[in-house]
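According to my numbering, the sequence shown is numbered sequentially starting from 334.
Each residue gets a CB set at the ideal place from its N, CA and C atoms; glycine is no exception.
Because the structure is a prediction, the values reported are computed rather than measured.
Note sheet for the following structure.
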Amino acid sequence: MLGLKWKDVDWLGKTVSINRGVGKAIVDNVKSRHSARKMACADELLEILKAWKQTTQFADAEDWIFARPVKLGRMPLGYTLVWNTLTATCKRLGIAHVSSHCFRHTSRSWLDALGSPIGVQQRMMRHSSITTTVNYGDTVPSDLRLAHEKVVQRALQHGNGTEGSTTH
334 MLGLKWKDVD WLGKTVSINR GVGKAIVDNV KSRHSARKMA CADELLEILK
384 AWKQTTQFAD AEDWIFARPV KLGRMPLGYT LVWNTLTATC KRLGIAHVSS
434 HCFRHTSRSW LDALGSPIGV QQRMMRHSSI TTTVNYGDTV PSDLRLAHEK
484 VVQRALQHGN GTEGSTTH
């Protein structure tokens, strides 16, 4: 996200091209060819980006979407600033520390809860291996309860003879 420039947003195609990453104030290539992909961008997010583009003083195609003002927009915000902001916010709210990487795990959990096929999840997460995708996230508790209730209902229906019996 920190490596995005305005030229990476295709407003009509509703996509964002991931072309570079930022770490420790160094702009570099993304980790793999799987990371360097276009991503679909929801209309609501495009509207937020449009509002930001109209607000920021760094809105040219070559400017960073999240430009660092103290560097006159020549560098993107650094991960350290993001990490410090998250840490301070968590402390103020009285919750355990949340790293920016937690958002990737949450995103995967939500994709799973919404019933997105694992292949779609892998592409959206930009993982080269589906194994990595499977190891991300956690099951949403309400989904566990719903699955459990469905299994119990099916088991009770079998016990009442309301469905055909199956032996395994």
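query: For Ser-475, which three-state DSSP category applies?
result: Helix.
- request: Could you please give the first and the last residue of the uninterrupted beta strand (DSSP E) stretch that includes Val-355?
  value: 354-356
- request: Decide if Leu-447 is buried, meaning its Cβ has at least 16 other Cβ atoms within 10 Å, or exposed.
  value: Around the C-beta of Leu-447, fewer than 16 other C-beta atoms lie within 10 Å, and the residue is accordingly described as exposed.
- prompt: Taking DSSP as the reference, what is the three-state secondary structure of Pro-402?
  reply: Of the three classes helix, strand and coil, the one that applies to Pro-402 here is helix, per DSSP.
message: For Pro-450, count the other beta carbons within 10 Å of its own beta carbon; 16 or more makes it buried, fewer makes it exposed. Which is it?
response: exposed
task: Have a look at Trp-397 and Leu-479 and give me their C-alpha separation to the nearest angstrom.
output: 43 angstroms
Straight-line Cα distance separating Leu-444 from Lys-383: 25 angstroms
message: So Lys-340 and Ala-394 are supposed to be a Cβ contact under 8 angstroms. How far apart are they, rounded?
response: 4 angstroms
Gly-411 beta carbon less than 7 angstroms from that of Phe-391: no
query: According to the neighbour-count rule (16 or more other Cβ atoms, all chains shown, within 10 Å of its Cβ), is Phe-436 buried or exposed?
result: exposed
Endpoints, beta strand (DSSP E) assigned at Met-372: In the DSSP assignment, Met-372 falls within the unbroken beta strand (DSSP E) covering 371-373.
- prompt: Would you say Thr-464 and Gln-455 are within 7 angstroms of each other, going by their C-beta atoms?
  reply: no
message: Can you look up Ile-451 in the DSSP assignment and give me helix, strand or coil?
response: helix
query: If we ignore side chains and look at the alpha-carbon of each, how far apart do His-481 and Val-431 end up?
result: Distance between the alpha carbons of His-481 and Val-431: 29 angstroms.
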